[in-house]
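Taken in sequence, the protein lines are chains A, B, C, D and E. Those letters in the first sequence? Residues 62 to 543, by our numbering. Those letters in the second sequence? Residues 4 to 180, by our numbering. Those letters in the third sequence? Residues 43 to 141, by our numbering. Those letters in the fourth sequence? Residues 3 to 524, by our numbering. Those letters in the fifth sequence? Residues 126 to 755, by our numbering. By construction, the Cβ of each residue, glycine as well, lies at the ideal position given by its N, Cα and C atoms. Since we're looking at a predicted model, the values are computed, not measured.
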Amino acid sequence: MTGHDFLKLMPIIILAATPLIIMLAIAIKRNHLITAVLSVVGLFAALFAIPGAKYTNGDQVSNLFIIDQYALFYFALMFLATIVIIVPSFQYLELRFKGNREEYYLLLLTATFGSVGLAASNHFISFFLSLEILSVSLYALVAYLRHQNDGIEAGLKYLILAAVSSAFLLFGMSLVYSQVGSMQFKDVINFLSQNGNYNFISIAGVALMVVGFGFKLAVVPFHMWSPDVYQGAPAPVSAFIASVSKGGILALLFRFFAEFNIVQSRPLFTIFALIAVFSMFVGNFLALLQSNVKRLLAYSSIAHFGYILVAFIAGNAQQQFKGVEAATFYIVSYFITIIGAFMIIGLISNEEREGMEMSDYRGLYWRHPWLSVALSAMMFSLAGIPLTSGFIAKYYILASGISTKLWTLIIILIINSALGVYYYLRVTVEMFSNVDAEQKATLISPNVGILSGILLAVLTIALVWLGVYPTGLIGSIQAAMF
Amino acid sequence: MTILFYIAALIAIVASIMVVTRTNIIHALLYMVISLLATAVMFFLIGAPFIAAMEIIIYAGAIMVLFVFVVMMLNLGKQAVEQEKRWLSTEGWYFPSLLSLILLLEIGYLIVSGQTAPFNGRQIPPAEVGKELYSTYLIGVELAAILLMAGIIGAYHLARRKKYVVHRFLKTEGAEQ
Amino acid sequence: MIAISLNTGLIIASIMFFTGLIGVMIRKNIMFMLISIEIMLNAAGLAFVFAGAQHGQADGQIMFLFILTTAAAEVAVGLALIIQFYQNLKRSIPMLPII
Amino acid sequence: MTLTFLFAWLILGGLLAWLAGRWNKEAPRWISLGFMIVHLIVSVRLWISFLTNKGLTLAQGEWFLMEKSPWIPQWGIQYFLAVDGLSILLIVLTSFLGLLAVACSWKGIQERVGFFFFNLLWILAGISGVFMALDLFLFYFFWEIMLIPLYFLIGIWGHSNRIYATIKFFIFTQASGLFMLISILALYFIHGSQTGHYTFDYVELLGTQVSPKIAFWLMLGFFLGFGVKLPAVPVHTWLPDAHTEAPTAGSVVLAGLVLKAGAYGFIRFLMPLFPQAGKEFAMVAMILGIIGIIYAAMVAFAQNDLKRLVAYTSVSHMGFVLLGVFAWNQLALQGAVMIILSHGLSTGALFILVGDIYDRLHTRDMDKLGGLWSVTPRLGGFGMVFALASLGLPGLANFVGEFLVLLGVYQVSVPIAALATLGFIASTIYSLWMIQKTFFGKNVNEWKMPDATPREISIYAALVVALLWLGLFPNTVLRTSRQALKNLQQITSQYFQGSKEATTNPSVEELNKSRSNYGGLE
Amino acid sequence: MYDLLWLVPTFPFLGFLILAIFGKKIGKKLSAVVGVGSIGLSALITILIGIQFLTNPPEGHAFVQTLWTWIAADDFKVNIAFHLDALSMVFAFVVTFVGFWIHLYSTEYMADDEGFSRFFAYMNLFVGAMLMLVMGDNLLLLYLGWEGVGLCSYLLIGFWYRDPANGYAARKAFIVTRVGDAAMAVGLFMLFYSFKSLNIQEILSVAPHVWSPGNKLAVASTLLLLGGAVGKSAQLPLQVWLPDAMAGPTPTSALIHAATMVTAGVYLIARMNGIYLLAPLSMTAVAIVGAATLLVAGFAGMAQTDIKRVLAYSTVSQIGYMFLALGVGAWSAGVFHFMIHAFFKALLFLAAGAIILAQHHEQNMFKMGGLAKALPVTFWTFLIGSASLAALPLITAGFYSKDAIIWYAWSGPNGSIYLWMAAVFGAMVTAFYTFRMVFVTFFGEQKMEISHYPTWRVHIPLIALAFFALFGGFIELPGTLGHLTLFSDFMKSALPVVEGGHHEVSLEIFSQVLTAVLALVSIFVAYYLYLKNMQIVTNFTSTKFGHGLQQFLLSGLGFDWLYERLFIRPYVWLSRTNKRDFIDFFYVFLPWLARQFHYLFKYTQTGKVRRYVVGIVFGVLVSITIVVIL
């Protein structure tokens, strides 16, 4: 571990140190506010350590991690996302949970650590360990409101299914390792590209690993957990699952298959194509008549990752519109929308329950104009309508798809985004339908704090800004990509 | 020596099958321990003595003991057995097992079709494992540490029992501490 | 020292893996599911050690060590959840038949 | 700078109206009225300056005004607005009809007035943007922006089952827009791969040589995108629902302007970009146009909801535009532009009238109406004029357009022109049917309602004057669009010979020869 | 003097505008003055221009006044311009002169109607549109006038809008004429396609060079123009609308459906005589249409009970005569008959209007009777008019104009014996039903008392028109009776002279004597049947065959019944069934399909963990099988 490596790892080290410092603080005096502030400070410190890490050369840190521009971009993204998630969770916990609230931040930080580890790893061991750190912290986070039964139920479901899929992942890795002889990503990929077509065990191993990827990204055959877990888990945790955890895995997926052109090996291409197509259709069809907003967002995130897989399949062959650039832009815009949406759900909740049902949003326009403007901006961005970053993201994916002539996938994507428009509009329709007097009494009146109000405004403005003038972000993504 | 290996393998497989099919949870746990011990023997024969030891100490020793402890704490023992019988018989278990059998056959076919390199069987002493562990995979160890920390925090938070203040007449919920 | 090929090792591991899988799918009781998951993880570990031994590297064994730690962490959190689950069950809060 | 002003001004107006609407109900109306009047003045001034010094400013190729600045350089997307004769006409129509839409929703909209005018002005901004954008990406950007405010307009202030109508409308246009986006992107890549320079610039993309098979599919994508907006028959069913549910201003803007974006798209983008595919597809498109005319007229005749009837009439009129575009000679195109303008005025007027009747009687069911002439002769008189305009009475605007289109189509194929002339009869049937059911006949359920108020009369008078002016003095409009249409034909000259050379028969040679010997009579 | 030509149509349009905008405000008196005054002024100017036209005609016997360029697209240039020559002079004179008298008459007729100013607005608009039609320099302007008059006829037929039946009749008229207009429009396109211009004079002068006689295009375009003319002038295929048009006020019937509009078809064919000469086939077609119509309308006229419908059918048959004349090539004879017909038909209608006004708006002839003594002036003028209609020999103008046509039907360039026979037989039938009407309404005992005695405003127009009905004919005497050809010399400049055909004088005398005798005989038969003993007629119609024949004739030879079955029912049925727009079903099917998929996938979300694990295993199975297979 030379001085360089130390400086390179500084962001991760700071992130790992923060929970320790917080535990010390808890030991002195258990105070919710201090814990929250400390975790935010820790995250900002890690964020500011990123430039330092960027300019020290020598990317490979021991054979486990590779801290290149790509990884650092995702670091920054994760840190910001977690900071944005912490703010509403503070208010959420104050409102909803009576017990000790400090463990929440510890688990959140370790989960971020896991996800960041994923983004930076290029070795099976670091991949598996980061994945497990992320999963273990999420088990507890999902079931955090332990007196609520559906929380425990969601936690159990998530645990069992995550354990099964990581078992599959391990078994796949062992098969690959038995053939390749090394656990480094680049050796595996070289081995696969040379003799991938006749060494079936390695391909079978990769196919089994796809289960691990698929489960975390909640794409079709492995998607069934996500609606129940999103519904059971507290709103900020569902935001975290939907954004940071999926982001980490996606970064790793792209790094793993970076040099390996998916289109060459027919089995992998067919598997990924099938997964993409089915997750698009299943995600959209299931969300069509969904009346619970959280489950609707779960299904729509399944569909959105179907779209991202299209960009992944498009790969990086085409010089102008690389698949990885399109996916990264999509992820950024997706982060903003999904975190914002779940934050609003978190705000519209009271002691007993969260504002999950569609009827809670009836006539929101006329009760809380600004909150509903933000939510409809999010919905339009998810639907991919201009003036929002969702449109540019979808356009970017379409461009990368067309540049590599994936016509069938593109047509399916078009049909699905038309389907998607329907249920996003249903939410906006719910919001601007007028509500009569006695109904108004039963509705949950949202209590929007100042801080989360500002944060929501910042998110919406970022959304529209990326929609109208995305050159800044595109530039930084193109620089960061390998 | 190879015969010994096959015997151990056989015991391990049979034990794990027994674990899955037992109605009584304690019997299942015991079969599990036997299967772990059999795997330990296999490790030893392959030339990974350190891992064999770890398996026995940590896996069989710590984790299974934890299981037994929790089972005792929730005294699931007797009355759970009939419930198990009812659950086991009624449940249509044909389809899932058929599914995984086909999967097993396919994986087996793939493995068998692979080239069968001879086993060079070098003995890897624990020292070498340790040296490797703390030189190239040092960060791996720290990751494992953070993983365990997360596990502890999670387990601590979830397993807190609510203290029951049971009054004779007002059955109030204990203060959540 | 013993002349068995890697493939047999892998086959043994896969057999154990799929028995664990069947266990998870068949049994309705969560405890059994956890135990079956342990079997699957153990099987995966076995495969890793075989692979490591095949290539004469310590990586397989190190991987097994890390599998051990994850299994431990998982079991810890899993059992905590189960305890909480039965707490609620005992206070007869109607539970959805999630199993 | 006037181009950016034209649409930015409306966006600003919308925001202002919304803010003003938060604390008093009257302010947004006056603000949006003021903004629209300024917009009208600017666009008319632009038109006049186009007419007066058309010659000298044509230095930048055929564009009268041009504004270009980089927007997303990585992808070769520019903020490229330019205006030629065709676009100016449509912008003036936008501002004129926009002003009327604001005026006619003066009393109609009572609650959430600020947000209403915000949406209305943003739709108009989107539409004027569409007519000016020459960067395909920017065009698509405005194309979609038009949708959202209209979606809110219909969804919030519509009538009974507005939700179904507005979602149907939104998905129709959104899906077809996406197909168009694929064609734009495919064209962008083919051009990029050929010339190495990836750009969405319309002028550069014009020349790309695309293999006939692919060109056909790309043209089909554009056709679907524009065909849904200009309701070509198979994909028109969203229009009647959207119209029956939209508030008056919504219908006026929807029928008067949103439909025109589809027609404008055909002329500006579809044919020049894919001339060969367009020529092959011309016959099919014309047949679609014919079906559109006849089919929609017959369905219109069967309706008993007044607004639904008028909606189907606009589907029938737009069938003529489809014919004119795909005949692709100077006469047909001039005719198509005339129809676009006159249809905007006449159908917009009809919708305002129907809206006023609805505001008074709260029913659009023609079976209940009847005998209104005795109650409100003034409304009856104006209704009569607009119905006659929509059936193509010579002397009013629609006739000139329809006649020119049919004249142009006749050069291309006689049977189609003959069939299209049947459209005259069909349009007469439904227009007279509408007049009979609403204004004539016994006043069965004794409607008592106040006659047209001065505000309404001023709107109607403006429309009647415009219709008469277009009907009797169409030359100013024809002169404006002549040069633009000639340039468009120039682009596709190698596939579409001008009407004179290709389809001459011997008699015309003799004609020219013989004409010279007795010194033309006129 | 000529450059005041543009004032002639402008006055009526101005009158229309004033009455339309300020009609209610300025009251009945002033709107009457404006209405009649505008037509009077334009009539005055037409007469002055007419006199100057006669004294020193403009060079080339034609005067063109261009106002502004209407449409100037690519090579299609049309401007709003008026072309005055002998033909349009006659038509303009008739329109304005007869129009003036009718306007004066209707000030009294419509006196107690509350839509008084609206009536005069429409009438002025009609006269303006008719003048545009007649004086149009190019075919598009003619088409504008053509549609304008169609519109006014629609408005005026449906003037009493409260009664839906009037609305139906008005719509029927407008749609049927619109069918003709559509044909004519296609004709216009064809002409433009060949001549690159729609200017009439240019087409006429260039046509002989461009088209050889009998050229396919010539025949097609002329037939299409004939289609338009047939629609507007209510000739055979499209004559169903005129009898129902009687639902409008009587002055409208007088002006529009007798004197001016219905003869627009005649004007069009006369104006385009240049291309018609190039297509002999269509000339014969015109003649056949004319002959057939005059017979059909004559028969139908015999069975009518409503006085206005008799006159309507007689108009249709008289226009049949004009078409016959044009068809056989006797251009000026046709136009001459138009002029004379305009006078006596307008007279008959106005007199009928006076009668109806006097009989509590009763239109059924058989309910009236014995009005001769009660309304002496109306009786005598009506008698003169019907005599002229029945072509009483030597004294009435109708004789001279109809006789010339009958003679040319035989002797004309492509006349034939059959056309001559049809014409003669038609004349006989006309005489019969005309005097049947006179005897039934004016003789016999008086069944109803008189409710309203017409004043001077009715009598003066009647007398003026009666004067022309009598003495108008003397300006054109046939060869056998003094050979005076004032009118045809005047028309020589605009219309080709009748040449060719065989000219035995003896034959001419024979045909004149034959028609005269036949006319007198049928008058006597009408006298005998309807005055001496009605019994024969009543017991004839009581027999099954008689009644069937009577109903058949009454309904205008079943054309209405046929068109109802052929066009109206299928169209209405087709559009009614398709009310919900069947294309929409496809777009309703799509969301339904999506819903089905939703319920299908919903089944997989059971909420049981074990099902999810099965899902994961299933996914793995699929991917592994793919690996194995590929």
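Closer than 8 Å is the cut-off here; do at least three beta carbon pairs connect the region 416-432 of chain E with the region 389-400 of chain E? no
Buried or exposed by the 16-neighbour rule on C-beta atoms within 10 Å, applied to A/Gly344: Here residue 344 of chain A refers to the residue found at position 283 of the first sequence. Under this definition A/Gly344 is a buried residue.
Quick one: is A/Thr63 buried, meaning 16 or more other Cβ sit within 10 Å of its Cβ, or exposed? Within the first sequence, residue 63 of chain A is the residue found at index 2, counting from 1. It counts as exposed.
Going by the beta-carbon positions, is the gap between E/Ile164 and E/Thr221 smaller than 8 Å? Here residue 164 of chain E corresponds to residue number 39 of the fifth sequence, with the count starting at 1. Here residue 221 of chain E corresponds to residue number 96 of the fifth sequence, with the count starting at 1. Taking 8 Å as the Cβ cut-off, E/Ile164 and E/Thr221 qualify as a contacting pair.
I'd like to check one pair, E/Arg720 with A/Leu357: are the Cβ atoms closer than 8 Å? For the purposes of this step, residue 357 of chain A is identified with residue 296 of the first sequence, where counting begins at 1. For the purposes of this step, residue 720 of chain E is identified with residue 595 of the fifth sequence, where counting begins at 1. No, Cβ-Cβ distance for A/Leu357 and E/Arg720 is not below 8 Å.
How would you write the range of the beta strand (DSSP E) that E/Thr191 sits in, first residue to last? As a working note, residue 191 of chain E is residue 66 in the fifth sequence. Run containing E/Thr191: Phe188 to Ala197, per the beta strand (DSSP E) assignment.
Quick one: Cα of B/Tyr9 to Cα of A/Gly401, how far? Looking up residue 9 of chain B in the second sequence gives position 6. Looking up residue 401 of chain A in the first sequence gives position 340. The straight-line gap from Cα to Cα measures roughly 58 Å.
With distances taken from CA atoms, which of D/Ser213, D/Leu12, D/Leu222 and D/Gly425 is nearest D/Ser34? Position 32 of the fourth sequence, counting from 1, holds the residue named residue 34 of chain D. With distances taken between Cα atoms, D/Ser34 lies closest to D/Leu12.
From D/Gly87 to D/Arg47, what does the alpha carbon distance come to, in whole angstroms? Mapped onto the fourth sequence, residue 87 of chain D falls at position 85. Mapped onto the fourth sequence, residue 47 of chain D falls at position 45. Rounded to the nearest angstrom, the two C-alpha atoms are 13 Å apart.
Taking 8 Å as the CB-CB cut-off, is A/Ile221 touching chain C? Counting from 1 along the first sequence, the entry for residue 221 of chain A is found at position 160. It does; some Cβ of chain C falls within 8 Å.
Contact set between C/Ile114 and chain B, taken where Cβ atoms lie within less than 8 Å: One-based indexing of the third sequence puts residue 114 of chain C at position 72. A small fix is needed here, since residue 114 of chain C is Ala in this sequence, not Ile. Ile61, Ala65, Ile66, Leu151 and Gly154, listed in chain order.
Report the neighbours of A/Phe174 on chain B: residues whose CB is nearer than 7 Å to its CB, in chain order. One-based indexing of the first sequence puts residue 174 of chain A at position 113. Here the neighbours are Ile149.
Could you check what DSSP says for E/Leu209 in three-state terms: helix, strand or coil? The residue you call residue 209 of chain E lines up with position 84 of the fifth sequence. E/Leu209 falls in the strand class under three-state DSSP.
With distances taken from CA atoms, which of D/Phe37, D/Leu472, D/Met451 and D/Gly346 is nearest D/Ala105? Position 103 of the fourth sequence holds residue 105 of chain D. Per the Cα distances, D/Phe37.
Please state whether the Cβ-Cβ distance between D/Ile341 and D/Gly425 is less than 8 Å. Position 339 of the fourth sequence, counted from the first residue, corresponds to residue 341 of chain D. Position 423 of the fourth sequence, counted from the first residue, corresponds to residue 425 of chain D. No, they are not a contact pair.
Take the Cβ of E/Phe317 as the centre, count every other Cβ of all protein chains shown within 10 Å, and call the residue buried at 16 or more, exposed below. Here residue 317 of chain E is taken as the residue at index 192 of the fifth sequence, counted from 1. Under this definition E/Phe317 is a buried residue.
Chain-order list of residues whose beta-carbon lies under 6 Å from that of D/Phe139 (same chain, five-residue window excluded): Position 137 of the fourth sequence, counting from 1, holds the residue named residue 139 of chain D. Closer than 6 Å at the Cβ level, and outside the excluded window around D/Phe139, lie Ile79 and Phe202.
Find the nearest neighbour of E/Arg287 within the set E/Asp238, E/Leu329, E/Met248 and E/Thr566, judged by alpha-carbon distance. Within the fifth sequence, the letter at position 162 stands for residue 287 of chain E. Nearest C-alpha to E/Arg287: E/Asp238.
Give the residues from the region 477-493 of chain A that approach chain D closer than 9 Å (Cβ to any Cβ), ordered along the chain. Ser478, Ala479, Leu480, Val482, Tyr483, Leu486, Arg487, Thr489, Val490 and Phe493
Given this structure, state the Cα-to-Cα distance separating E/Pro376 from E/Leu482, to the nearest angstrom. Taking the first residue of the fifth sequence as position 1, residue 376 of chain E is located at position 251. Taking the first residue of the fifth sequence as position 1, residue 482 of chain E is located at position 357. Each residue's alpha carbon lies about 12 Å from the other.
Same chain only: Cβ atoms within 7 Å of E/Thr552, ignoring 5 sequence neighbours per side: For the purposes of this step, residue 552 of chain E is taken as residue 427 along the fifth sequence, with counting starting at 1. It should be noted that the sequence gives Ala, not Thr, for residue 552 of chain E. Result list for E/Ala552: Ala516, Lys527, Ile531, Thr640, Leu643 and Ala644, in chain order.
Mind pulling the chain E residues with CB within less than 9 Å of A/Pro288? Taking the first residue of the first sequence as position 1, residue 288 of chain A is located at position 227. Within 9 Å Cβ-Cβ: Gln730.
Anyone know if the C-beta pair for E/Ala101 and E/Ala416 falls short of 8 Å? Here chain E covers residues 126 to 755 and nothing more, so residue 101 of chain E does not appear.
At a cut-off of 7 Å, is D/Asn163 close to the ligand GTP when judged by its beta-carbon and the heavy atoms of the ligand? Ligands in the displayed structure: none, and consequently the ligand GTP is not present.
For the region 426-446 of chain D and the region 297-317 of chain D, state whether three or more C-beta atom pairs, one from each stretch, are separated by less than 8 Å. yes
Indicate the three-state DSSP secondary structure (helix, strand or coil) for A/Asn118 in the structure shown. Against the first sequence, residue 118 of chain A aligns to sequence position 57. It is coil, neither helix nor strand.
Taking only beta-carbon atoms, is D/Met275 less than 8 Å away from chain A? Taking the fourth sequence and counting its residues from 1, the one referred to as residue 275 of chain D is at position 273. Per the sequence presented here, residue 275 of chain D reads as Leu, with Met not at that position. Not closer than 8 Å to any Cβ of chain A, the Cβ of D/Leu275 fails to qualify, so no.
Within 7 Å of chain A by C-beta, residues of the region 115-134 of chain C in sequence order: Ala115, Glu116, Val119, Gly120, Leu123, Gln126, Phe127 and Asn130
Output the residue ranges of the alpha helix (DSSP H) runs that lie fully inside the region 319-399 of chain A and measure 4 residues or longer, sorted by chain position. 327-349 and 354-375
Counted within 10 angstroms of its Cβ, other Cβ atoms place A/Tyr368 as buried (16 or more) or exposed: In the first sequence, residue 368 of chain A corresponds to position 307, counting from 1. Looking at its Cβ environment, which holds 16 or more other Cβ atoms inside 10 Å, A/Tyr368 is buried.
Which two residues bound the contiguous alpha helix (DSSP H) that contains D/Trp20? Residue mapping note: residue 20 of chain D aligns to position 18 of the fourth sequence, counting from 1. From DSSP, the alpha helix (DSSP H) with D/Trp20 extends over Thr4 to Gly23.
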